[in-house]
Amino acid sequence: MKNGLIFTNENCIGCNRCVRICCSFGATISHNRPDHSSIRINPERCINCGACIDVCGHSAREYHDDTETFFADLKKGEHISLLIAPSFEAKYPDEYRKVLGALKALGVKRMLPVSLGADICTWGYLKLINEKGYKGMLSTTCPVVVSFVEHWKPYLIPLLMPIKSPMMCAARYFRDKLGITDKFAFIGPCIAKRMETDKYPELVQYNITFPKLIEYINKNDLGDEESFEGLDAGLGTFYPAPGGLSDNIKWFLGDDTPVRVVSGKTYLYERFLTSWKKLLEENKPFVLYDALNCREGCLEGTAKVYTEDREFKGISNINDIRTKSKKFSHDSPWSPELSPAQRLENLNRQFGDLDLNDYMTEFEDKSQTCRISYPTDEEAEAIYRSMHKDDESSRNINCSACGYETCREMMIAIHNGFNTRHNCVYSEKEESIYLAKMSFSDQLTGVMNRNAYERKLNTMFGRGGSVGLIVADVNGLKYANDNEGHGAGDRLIIETAHALANEFGVERVFRSGGDEFLVVLQDFTEQELENDIVLVKEYLSSVKVSTSFGLAFSEHFNGDMSALQEIADKKMYEDKERYYKMTGKVRRI
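Each residue of the sequence shown is one higher than the last, beginning at 985 in the numbering used here.
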């Protein structure tokens, strides 16, 4: 599974907090290894909301942006201009000019305000509302909101306002009207803006987040104060604030214009899930829903810095910037002395030479990548029984320790391969009790015995999922017993068992006979298992133990373990033949 914008690093301990907060079912995947558990991200399902970064207490979630590529290209002499998000000055008033000075010294050509693109975005919204009768629409200034609708609520796509984001409106304007051919680097607070640059690579080439940019500048000791005037822009400077778009719409349509502001990851997506049908009703109470992923809008952003309460400062600063944006002129759209209708007339005059079609966009139904498979009654029963949940009471504990609200959600997650029963506290406790009661461990080696293997087969079900079966057989056991005593033979068996248990986990290793072991593994790739066998062989060689191996693998296990064992046995005996030919020893009979 390739990394997406947000990814898991080695700090993850599999605590499930990210599973609990994730609004995209199946974007968080539990990955259990014998010695370590972690939660990985499925980039096809992830909407890049950043909630998992917020809640992770282990710094186990990171993200990619284009900072390193940007500086590398700048050093190569690429002509690059900046698109600067209006939240930069508000959120980082102390670093703002230093960073811009450093970038100018390094060769950046122009520094352009995205707030002008926000003004164009407002103009586009108003054109569609007033001239096309658009009503009850969802704002599309936030790429995460768009991603959520495209992935999980595609029937709301017709309600997405078909106007490019302020960043893309700005890029379109600067390319078309000013003729700028430089590459554009967007400096902003959002990880998810990369989704927009991927969609329109001809407009913007880099997404650079505030924290990574400032970290690079400080790490390389760059930066001198730089004045930055930019181009004339209006209340688009207030877009980063929660309700910033709403404020702009009301500026031109009047304060009584019904615009609903909905922001904050958990609240926003819960509202989508519970109230989406109301959005489709003909009687629409609101002209627009100003929807933002982050509670504090772009002053918060998904690319956060946790050392200071920058959001509080940012709100205060952005209000000051908003006040300065107002212009007391009869021909300005931003004059508080004019009526909303007069301001709108001036706005239309200012952007009268623009073609609205250049600033419109389309959306894509991506729900096929987020399909959920629901188990049959028989499949659900098999999963519950594998979790030791044999009655209704045990199936409705709903402790949420696994990260899901209910035991049923966990069962569905297991069915889809998003999680395993090992993440269920109840299942693991009952498993321990059961194993202790039935004494399914092999007394000599401490791994599971033949009874445990038979029970394992009874709890495995045939729907999907990969299964690997490893057969391992100790070489030279009879010779060791006959010539060095049974203690020497026992050592060969014990060393093999411990090597297998250390690599694959004791609960997956079964001693099926005197010198033979079976290892049953689910949800691994064939290459991973082949690599693990090499590691086990290397270790055994270091302690002077030789063992033959055979691996059988099924990408979509159908429940027939005997067929897998037949294949694995054949490969094991072929491996054993190679051993005896290589050593010249006589094979036991």
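Note that the Cβ used here is the ideal one computed from N, Cα and C, for glycine as well. Keep in mind the model is a prediction, meaning the values are calculated, not measured.
Is Ala1102 near Pro1146, with beta carbons less than 8 Å apart?
Locating residue 1102 in the sequence shown gives position 118, where the first residue counts as 1. Locating residue 1146 in the sequence shown gives position 162, where the first residue counts as 1. Their beta carbons are not under 8 Å apart, which means Ala1102 does not touch Pro1146 by this criterion.
Beta carbon of Met1179 nearer than 8 Å to that of Asn1032
In the sequence shown, counting from the first residue as 1, residue 1179 sits at position 195. In the sequence shown, counting from the first residue as 1, residue 1032 sits at position 48. Taking 8 Å as the Cβ cut-off, Met1179 and Asn1032 qualify as a contacting pair.
Whole alpha helix (DSSP H) elements within the stretch 1484-1548, 4-residue minimum:
Whole alpha helix (DSSP H) segments, 4+ residues: 1510-1526.
By DSSP, does Asn1026 sit in helix, in strand, or in coil?
Within the sequence shown, numbered from 1, the residue matching residue 1026 stands at position 42. In the structure shown, Asn1026 sits in coil (DSSP, three-state: anything other than H, G, I, E or B).
Just list the residues that DSSP pairs Leu1084 with in beta bridges.
As a working mapping, residue 1084 is identified with position 100 in the sequence shown. The partner list for Leu1084 (beta bridge, DSSP) is empty, contrary to what the question assumes.
Check this for me: beta carbons of Ala1169 and Leu1276, under 8 Å apart or not?
As a working note, residue 1169 is residue 185 in the sequence shown. As a working note, residue 1276 is residue 292 in the sequence shown. No, the Cβ-Cβ distance between Ala1169 and Leu1276 is not below 8 Å.
Taking buried to mean at least 16 other C-beta atoms within 10 Å of its own C-beta, is Arg1369 buried or exposed?
The residue you call residue 1369 lines up with position 385 of the sequence shown. Arg1369 comes out exposed.
Run of the alpha helix (DSSP H) containing Lys1462, from where it starts to where it stops:
Counted from its first residue, the sequence shown places residue 1462 at position 478. Start and end: 1461-1468.
To the nearest angstrom, how far is the alpha carbon of Val1504 from that of Asn1442?
Taking the first residue of the sequence shown as position 1, residue 1504 is located at position 520. Taking the first residue of the sequence shown as position 1, residue 1442 is located at position 458. So the two alpha carbons sit approximately 13 Å from each other.
Local Cβ density within 10 Å of Thr1012, reported as buried at 16 or more and exposed below that:
The count along the sequence shown starts at 1 and reaches residue 1012 at position 28. Per the 10 Å Cβ criterion, buried.
Within the same chain, show all residues whose beta-carbon is closer than 6 Å to that of Val1451, passing over the 5 residues directly before and after it, in chain order.
Sequence index remark: in the sequence shown, residue 1451 carries index 467 (1-based). Within the same chain, and ignoring the five residues on either side of Val1451 in sequence, the residues whose Cβ sits closer than 6 Å to its Cβ are Gln1506, Ser1538, Phe1541.
Pro1097 versus Asn1301 - alpha carbon distance:
For the purposes of this step, residue 1097 is taken as residue 113 along the sequence shown, with counting starting at 1. For the purposes of this step, residue 1301 is taken as residue 317 along the sequence shown, with counting starting at 1. Their Cα atoms are separated by approximately 17 Å.
For Asn1191, which of helix, strand or coil comes out of DSSP?
Taking the sequence shown and counting its residues from 1, one reaches residue 1191 at position 207. Correct three-state label for Asn1191: strand.
Using a Cβ distance threshold of 8 Å, determine whether the stretch 1130-1140 contacts the stretch 1038-1046, with at least three qualifying pairs required.
no
Host beta strand (DSSP E) of Ala1275 (start-end):
Counted from its first residue, the sequence shown places residue 1275 at position 291. 1272-1276 is the span of the beta strand (DSSP E), which, as asked, contains Ala1275.
Reduced DSSP secondary structure (H/G/I, E/B, other) of Ile1068:
For this step, residue 1068 is matched to residue 84 along the sequence shown. Reduced to three states, the DSSP call for Ile1068 is strand.
Beta-carbon proximity list for Glu1479, same chain, < 8 Å, skipping 5 on both sides
Here the question's residue 1479 lines up with position 495 in the sequence shown. Within the same chain, Glu1479 has close Cβ partners Leu1524, Val1527, Val1529.
Thinking C-beta only, is Ala1287 closer than 8 Å to Phe1194?
The residue given as residue 1194 occupies position 210 in the sequence shown. The residue given as residue 1287 occupies position 303 in the sequence shown. Result yes, Cβ atoms of Phe1194 and Ala1287 sit closer than 8 Å.
Going straight from the alpha carbon of Arg1024 to that of Ser1014, what length do you get?
For the purposes of this step, residue 1024 is taken as the residue at position 40 of the sequence shown. For the purposes of this step, residue 1014 is taken as the residue at position 30 of the sequence shown. Those two C-alpha atoms are separated by around 6 Å.
Go through its chain and collect everything with a Cβ distance to Ser1313's Cβ below 8 Å, but skip five positions before and after it.
The residue labelled residue 1313 in the question sits at position 329 within the sequence shown. Excluding positions up to five away in sequence, the list reads Ser1319.
Go ahead and label Gln1427 buried or exposed: buried means 16 or more other beta carbons lie within 10 angstroms of its beta carbon, across all protein chains shown.
Position 443 of the sequence shown, counted from the first residue, corresponds to residue 1427. Per the 10 Å Cβ criterion, exposed.
In the DSSP assignment, the alpha helix (DSSP H) including Gly1101 goes from what residue to what residue?
Numbered from 1 along the sequence shown, position 117 holds the residue referred to as residue 1101. Here the alpha helix (DSSP H) through Gly1101 covers 1098-1115.
Option nearest Pro1359 by Cα separation, candidates Glu1393, Glu1389, Ile1477, Ala1536:
In the sequence shown, counting from the first residue as 1, residue 1359 sits at position 375. Among Glu1393, Glu1389, Ile1477, Ala1536, the Cα nearest to that of Pro1359 belongs to Glu1393.
Cut-off 6 Å between Cβ atoms - residues of its own chain near Arg1001, not counting five sequence neighbours on either side:
Translated into positions along the sequence shown, residue 1001 becomes position 17. Cβ within range, chain order: Val1039.
CA-to-CA distance, Asn1232 to Leu1272, given in whole angstroms:
The residue labelled residue 1272 in the question sits at position 288 within the sequence shown. The residue labelled residue 1232 in the question sits at position 248 within the sequence shown. Approximately 12 Å, taken between the alpha carbons.
Can you tell me which of the three DSSP states Lys1059 falls into?
Your numbering for residue 1059 matches position 75 in the sequence shown. In this structure, Lys1059 counts as helix in the three-state DSSP scheme.
Only counting the same chain, and skipping five residues up and downstream in sequence, which positions put a Cβ closer than 8 Å to that of Val1003?
For the purposes of this step, residue 1003 is taken as the residue at position 19 of the sequence shown. Only Thr1012, Ser1014, Ile1023, Cys1386, Gly1387, Tyr1388, Asn1403 meet the Cβ criterion.
Distance, Cα to Cα, Ser1008 vs Ile990?
Within the sequence shown, the letter at position 24 stands for residue 1008. Within the sequence shown, the letter at position 6 stands for residue 990. Rounded to whole angstroms, Ser1008 to Ile990 spans 13 Å at the Cα level.
First and last residue of the beta strand (DSSP E) that includes Asp984?
With the chain represented from 985 up to 1573, any question about residue 984 goes unanswered, as that position is not in the structure.
Would you mind sorting Ala1483 into buried or exposed? The rule is 16 or more other CB atoms within 10 Å of its CB.
On the sequence shown, residue 1483 is found 499 positions in, with the first residue counted as 1. Buried is the call here.
For Met1344, which residues from the same chain have a beta carbon less than 8 Å from its beta carbon, with the 5 sequence-adjacent residues on both sides left out?
In the sequence shown, residue 1344 corresponds to position 360, counting from 1. Only Gly1108, Pro1146, Ile1147, Lys1148 meet the Cβ criterion.
Nearest-angstrom Cβ-Cβ length linking Gly1228 and Gly1281, presumed shorter than 8 Å
Against the sequence shown, residue 1228 aligns to sequence position 244. Against the sequence shown, residue 1281 aligns to sequence position 297. Gly1228 to Gly1281, Cβ: 6 Å. Contact.
For the putative contact between Val1246 and Ser1230, defined by C-beta atoms under 8 Å, what is the C-beta separation to the nearest angstrom?
Walking along the sequence shown from the start, residue 1246 turns up at place 262. Walking along the sequence shown from the start, residue 1230 turns up at place 246. Actually they are not in contact, since the Cβ atoms of Val1246 and Ser1230 sit about 10 Å apart, beyond 8 Å.
Which same chain residues, not among the five before or five after Lys1268, have their C-beta less than 6 Å away from its C-beta?
In the sequence shown, the residue the question calls residue 1268 occupies position 284. The residues are Lys1119, Gly1120.
Please classify Ala1586: is it buried, with 16 or more other beta-carbons within 10 angstroms of its beta-carbon, or exposed?
Absent from the model: residue 1586. The displayed extent of the chain is 985 to 1573, so no value can be given.
Simplified DSSP state of Met1394, which is helix, strand or coil
Your numbering for residue 1394 matches position 410 in the sequence shown. Of the three classes helix, strand and coil, the one that applies to Met1394 here is helix, per DSSP.
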